[in-house]
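Be aware that the sequence shown starts at 1, since it is given in the numbering used here, and climbs by one per residue.
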Amino acid sequence: MQAGWGGRWQRLDAALCLPLCVTVALMGAVCTEVLYLLLWAAEPTQLPLALHLPLLLFLLANVLGNMGLFVTTSPSIKGVMLSESAVGQGWEYCYTCQSHVPLRCHHCYTCNVCMLRRDHHCVLLGQCVGYHNYRYFLCLLLHGWVALLYASLLNTDIFMGLLHEGVTLHSIVLLLMPWLMLLTGQVSTSTFIYAFMADTCVISFLFCSGFLFLHVLLSLRGQTTREWFGKSRCYDLGWRRNLQEALGDRWHLVWLCPFLASPLPGNGVAFESRAPCTEPSTKAVIF
């Protein structure tokens, strides 16, 4: 059972706020740099500003909306009625939560509670990825990937400017370690900021690309990260059903708006499977 907005925000403690604040600060820096490039720097593309702004607003609204809903939607067992009649049908007992938990439900030692259909704990956002908020996580990855690709393309002129003297040791070190160049007095503060923000966009884009590829693959196969490590595909119902299970009945429209209603077909406790399932054996994999 999901709490209202007031109850959700009360769960924001220091363990959640610290990584979230760092992530929001980086996002704000990237957005500020992109706006600077569009409004005051040399025009990086031939497209008019009137075409850039709607795209920026769409991406920003989806990134912030999905991030907010992901953080405030808990996939934990708190408030969920776990039927005692199901105990003994593959359920395990969590000694920390002092409760029997169903299959695909695992304890998170960072959140200190069991999560329904737990995938992993997202360090950057300080929240577990699970049954109720997987939709927001996947949409956040997609829109974040598009936004970072867009920002990286806008920074092409910066990379070309930093390499105007050719590929030299100075330019390579500036792109790879701008902090070192600033501390040694080899570059000005403005040049450092340009290089640092351009590096941030590219590195974040590569990082986001890997996670997006992995979780799109997992969604299409009906797996969690733990099941992928354990090579278990017993919940694979076909790519269309798998997407419906993860994103809801309106899985094909959730990419357009984070606030679009898309009810999940199940309850997060019992899942349809194509074969009898057991918990995958993972060799001390912690995520």
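Cβ atoms here follow ideal geometry from the backbone N, Cα and C, with glycine treated the same way.
7 Å CB neighbourhood of residue i in its chain, flanking five on each side removed
i	result
Pro19	Val123, Leu124, Leu125 and Gly126
His215	Leu138 and Leu141
Phe211	Leu141
Trp239	Leu220
Span separating the alpha-carbon of residue i from that of residue j
i	j	result
Thr73	Cys128	10 Å
Met197	Phe207	15 Å
Val269	Arg118	11 Å
Gln98	Tyr136	29 Å
Leu148	Cys17	23 Å
Leu217	Asn112	28 Å
Pro265	Asp249	7 Å
Leu183	Ser219	45 Å
Gly90	His100	10 Å
Arg241	His52	36 Å
Leu253	Gly65	15 Å
Pro263	Pro75	14 Å
Gly230	Thr224	10 Å
Leu59	Leu256	10 Å
Thr156	Leu39	16 Å
Thr32	Met160	20 Å
Leu116	Ser209	26 Å
Thr92	Arg226	In the sequence under discussion, the amino acid at residue 92 is Glu, which differs from the Thr named in the question. One C-alpha to the other measures close to 16 Å.
Thr110	Met81	23 Å
Leu237	Ile193	49 Å
Leu37	Phe213	29 Å
Ala61	Ala29	16 Å
His120	Trp228	12 Å
Ser232	Gly185	54 Å
Burial state of residue i (16 or more Cβ within 10 Å)
i	result
Gln244	buried
Tyr288	For residue 288 there is no data in the structure shown, the boundaries of the chain being 1 and 287.
Tyr95	exposed
Trp251	buried
Tyr134	buried
Phe70	buried
Pro258	buried
Val22	exposed
Ser190	exposed
Met67	buried
Leu49	exposed
Thr200	buried
Ala25	exposed
Ala246	buried
Val103	First, the residue type needs correcting, since residue 103 is Leu and not Val in the sequence shown. So Leu103 ends up on the buried side.
Leu169	exposed
Tyr260	Reading off the sequence, residue 260 comes out as Leu, not Tyr. Burial call: exposed.
Gly79	exposed
Residue(s) in a DSSP beta bridge with residue i
i	result
Val101	Glu92
Met115	Ser76 and His106
His132	Looking at the DSSP assignment, His132 forms no beta bridge with any residue, so it has no partner.
Cys31	Note: Cys31 sits in no beta bridge, so no partner.
Gln186	In DSSP, Gln186 forms no bridge with anything.
Chain B contact for residue i (CB, 8 Å cutoff)
i	result
Phe271	Structure shown: chain B not included; a single protein chain is present.
Same chain only: Cβ atoms within 6 Å of residue i, ignoring 5 sequence neighbours per side
i	result
Tyr235	Gly222, Phe271 and Ser273
Cys114	Ile77, Cys94, Cys97, Val101, Cys105 and His107
Sequence-distant residues of the same chain with beta carbon closer than 8 Å to residue i, five excluded per side
i	result
Val63	Met27, Leu140, His143, Gly144 and Ala147
Val34	Leu56, Tyr150, Ala151 and Leu154
Ala42	Residue confidence for Ala42 is low, a pLDDT of 49 falling below 50, so the modelled location carries little weight and cannot support an answer.
Three Cβ pairs or more, each shorter than 8 Å: is that satisfied between the segment 151–158 and the segment 189–205? Put simply, the segment 151–158 touches the segment 189–205. At least three CB pairs are less than 8 Å apart.
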